[in-house]
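2 protein chains.
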Amino acid sequence: MKKLTKAERQKELEDRLDEDPFLIDRELADLFNVSIQTIRLDRMELGIPEVRERIKAVAKQANSKVKSVQREEIIGELVDIQLNQTGISILEASDDLVLEKTKIVRGHHIFAQANSLAVAIIDADVALTGSAEVRYNRPVYINERLVAKAKVNKIIENRFYVKVETKINGETVFNGEFIIFSVGDNLVNKEG
Amino acid sequence: MKKLTKAERQKELEDRLDEDPFLIDRELADLFNVSIQTIRLDRMELGIPEVRERIKAVAKQANSKVKSVQREEIIGELVDIQLNQTGISILEASDDLVLEKTKIVRGHHIFAQANSLAVAIIDADVALTGSAEVRYNRPVYINERLVAKAKVNKIIENRFYVKVETKINGETVFNGEFIIFSVGDNLVNKEG
Numbered sequence: 001m002k003k004l005t006k007a008e009r010q011k012e013l014e015d016r017l018d019e020d021p022f023l024i025d026r027e028l029a030d031l032f033n034v035s036i037q038t039i040r041l042d043r044m045e046l047g048i049p050e051v052r053e054r055i056k057a058v059a060k061q062a063n064s065k066v067k068s069v070q071r072e073e074i075i076g077e078l079v080d081i082q083l084n085q086t087g088i089s090i091l092e093a094s095d096d097l098v099l100e101k102t103k104i105v106r107g108h109h110i111f112a113q114a115n116s117l118a119v120a121i122i123d124a125d126v127a128l129t130g131s132a133e134v135r136y137n138r139p140v141y142i143n144e145r146l147v148a149k150a151k152v153n154k155i156i157e158n159r160f161y162v163k164v165e166t167k168i169n170g171e172t173v174f175n176g177e178f179i180i181f182s183v184g185d186n187l188v189n190k191e192g
Numbered sequence: 001m002k003k004l005t006k007a008e009r010q011k012e013l014e015d016r017l018d019e020d021p022f023l024i025d026r027e028l029a030d031l032f033n034v035s036i037q038t039i040r041l042d043r044m045e046l047g048i049p050e051v052r053e054r055i056k057a058v059a060k061q062a063n064s065k066v067k068s069v070q071r072e073e074i075i076g077e078l079v080d081i082q083l084n085q086t087g088i089s090i091l092e093a094s095d096d097l098v099l100e101k102t103k104i105v106r107g108h109h110i111f112a113q114a115n116s117l118a119v120a121i122i123d124a125d126v127a128l129t130g131s132a133e134v135r136y137n138r139p140v141y142i143n144e145r146l147v148a149k150a151k152v153n154k155i156i157e158n159r160f161y162v163k164v165e166t167k168i169n170g171e172t173v174f175n176g177e178f179i180i181f182s183v184g185d186n187l188v189n190k191e192g
């Protein structure tokens with residue numbers, strides 16, 4: 001992106017954060033080709049709180065929309081959701097998610113974030129994973145911040161084709177295609 | 001299987017349990033077409049302990065062979081392992097693995113059992129998941145007992161193609177194909 005004037009940049013910054021409130025200062029700095037400090041000053045001048053506060057605000061709204069799982073059953077923090085369309089969650093790679101020896105995040109936690117997001121965005125009382133194809137592009141280390149975005153690509157009867165892409169600082173580290181089934185309550189409980 | 005005499009059945013029972021020490025009484029009863037009580041009496045006469053005791057004994061051996069992960073990092077109980085060849089783990093579907101609403105085991109726990117088994121059987125200091133294709137055949141409910149078997153089908157350089165099949169009482173509920181990479185310690189730590 002070409003260098004903008006301060007006024008242009010601040011206008012653009014507001015627009016970007018309206019679209020994507022979870023963009024962090026480092027990503028914005030890269031985007032506008034300025035220092036992180038400049039972004040912080042811009043935010044202060046514009047009265048935009050830091051990313052954690054922004055996430056908290058949108059997460060509250062997002063969680064209230066979910067039907068298919070309990071809020072605490074989502075792995076990572078849900079920050080945006082449009083039922084049957086899209087969703088975003090953020091997972092901080094804390095100490096308890098990594099292998100002791102290498103400090104690399106265990107693959108099934110990255111899968112769990114994506115899978116629970118894919119289930120959470122379905123507009124149904126019960127949604128179950130039918131199948132998944134996933135790919136890990138590079139190891140993820142402790143303290144990295146995983147941003148997963150899910151998108152429903154296709155709905156055929158009760159089958160939802162959901163694509164999930166997980167990025168760290170803009171770099172794709174994982175992607176998956178999930179087929180999720182919505183299930184009627186009666187169908188589930190007869191066996192349960 | 002045709003009805004055997006008691007002596008034949010007890011001989012066969014010993015052979016079966018030598019091969020598969022984690023077979024439970026109900027499965028053996030089905031296999032020999034007798035009651036569970038008959039199997040229990042057979043075991044007592046033969047001095048064969050119940051399945052939990054047998055699992056404990058083999059699990060101890062199995063765990064001592066694993067190199068790529070810490071024992072407590074395996075999801076489920078490892079009961080058999082031949083490095084770079086096969087492995088078996090058992091996971092009891094306890095309360096903390098299920099969705100509150102339906103008592104169905106969350107998909108990522110079943111994935112985690114399979115994935116950590118696929119990694120555990122690799123004969124390397126560090127092994128990471130590259131990709132996975134998984135399929136869930138039916139919902140798994142609380143208190144069911146998941147027996148996962150992994151098999152290395154192919155090794156190409158540092159890539160291991162591992163197939164995992166997870167059964168409940170002989171019925172396949174999940175299967176997956178994993179590609180696992182063995183990684184040199186130096187390669188990992190330079191980034192960690």
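Those sequence lines, one after another, are chains A and B. Here the working numbering is used: the first residue of the first sequence is 1, the next is one more, and so on. Here the working numbering is used: the first residue of the second sequence is 1, the next is one more, and so on. In this text, a Cβ means the ideal position worked out from N, Cα and C, and glycines have one as well.
Asked	Found
Straight-line Cα distance separating Ile36 of chain A from Ala29 of chain A	5 Å
CA nearest to the CA of Ala93 of chain A, picked from A:Gly107, A:Glu157 and A:Gln10	A:Gly107
For Asp80 of chain B, three-class secondary structure by DSSP	strand
Rounded separation between Arg26 of chain A and Asn137 of chain B - CA only	43 Å
Coarse secondary structure for Arg40 of chain A, derived from DSSP in three states	helix
Reduced DSSP secondary structure (H/G/I, E/B, other) of Glu14 of chain A	helix
Reduced DSSP category for Phe32 of chain A - H, G, I as helix; E, B as strand; rest coil	helix
Alpha-carbon spacing of Thr166 of chain B relative to Glu77 of chain B, whole angstroms	13 Å
Cα-Cα separation between Val147 of chain B and Asn153 of chain B, rounded to whole angstroms	19 Å
Those residues which DSSP pairs with Lys167 of chain B across a bridge	B:Val147 and B:Thr172
Backbone CA spacing between Gln82 of chain A and Asp20 of chain A [nearest angstrom]	14 Å
Start-to-end residues for the beta strand (DSSP E) that takes in Gly130 of chain A	Val126 to Tyr136
Start and end residues, alpha helix (DSSP H) containing Ile110 of chain B	Gly107 to Ala120
Validate contact between the region 100–118 of chain A and the region 96–105 of chain B using beta carbons, cut 8 Å, 3 pairs	no
Neighbour flag for Phe160 of chain A against chain B, beta carbons, 9 Å	no
Cut-off 6 Å between Cβ atoms - residues of its own chain near Lys9 of chain A, not counting five sequence neighbours on either side	At residue 9 of chain A the sequence reads Arg, which differs from the Lys that was named. Around Arg9 of chain A: Phe32.
Chain B within 9 Å of Gly87 of chain A, Cβ atoms only	no
Nearest-angstrom Cα separation, counted from Val162 of chain B out to Arg43 of chain B	34 Å
Helix, strand or coil at Lys154 of chain A [DSSP, three-state]	strand
Helix, strand or coil at Ser182 of chain A according to DSSP, with G and I counted as helix	strand
CA-to-CA distance, Arg159 of chain B to Ala150 of chain B, given in whole angstroms	15 Å
Residue-chain proximity (Arg145 of chain B, chain A), Cβ-Cβ < 9 Å	no
Below-9 Å beta-carbon distance, Pro49 of chain B vs any chain A residue	no
Any 3 or more C-beta pairs closer than 8 Å across the region 54–61 of chain A and the region 125–137 of chain A	no
Simplified DSSP assignment, three categories, for Val58 of chain A	helix
Contact set between Lys73 of chain A and chain B, taken where Cβ atoms lie within less than 8 Å	According to the sequence shown, residue 73 of chain A is Glu rather than Lys. Within chain B, the residues near Glu73 of chain A are Leu99, Glu100 and Arg106.
Start and end residues, beta strand (DSSP E) containing Gly87 of chain B	Thr86 to Glu92
Amino acids of chain A, ordered along the chain, whose beta-carbon sits closer than 7 Å to that of Thr129 of chain B	Gly107 and Tyr136
Contact list for Val69 of chain B against chain A, beta-carbon separation under 7 Å	Leu99
Proximity of Phe178 of chain B and Val140 of chain B at Cβ, strictly below 9 Å	no
Through-space distance from Ala112 of chain B to Ile48 of chain A, alpha-carbon basis	39 Å
Interface positions of the region 13–30 of chain B facing chain A (Cβ-Cβ less than 9 Å), listed along the chain	none
Nearest residue (CA-CA) to Phe67 of chain A, options A:Asp123, A:Ile142, A:Ile155 and A:Thr5	Correcting the residue identity first, residue 67 of chain A is Lys in this sequence and not Phe. The shortest Cα separation from Lys67 of chain A among A:Asp123, A:Ile142, A:Ile155 and A:Thr5 belongs to A:Asp123.
Rounded Cβ spacing between Ile90 of chain A and Phe22 of chain A (contact assumed at less than 8 Å)	6 Å
Beta-ladder partner(s) of Val159 of chain A, from DSSP	A small fix is needed here, since residue 159 of chain A is Arg in this sequence, not Val. According to DSSP, Arg159 of chain A bridges with A:Ile156 and A:Phe181.
Cross-strand partners of Ile104 of chain A (DSSP beta bridge)	A:Tyr141
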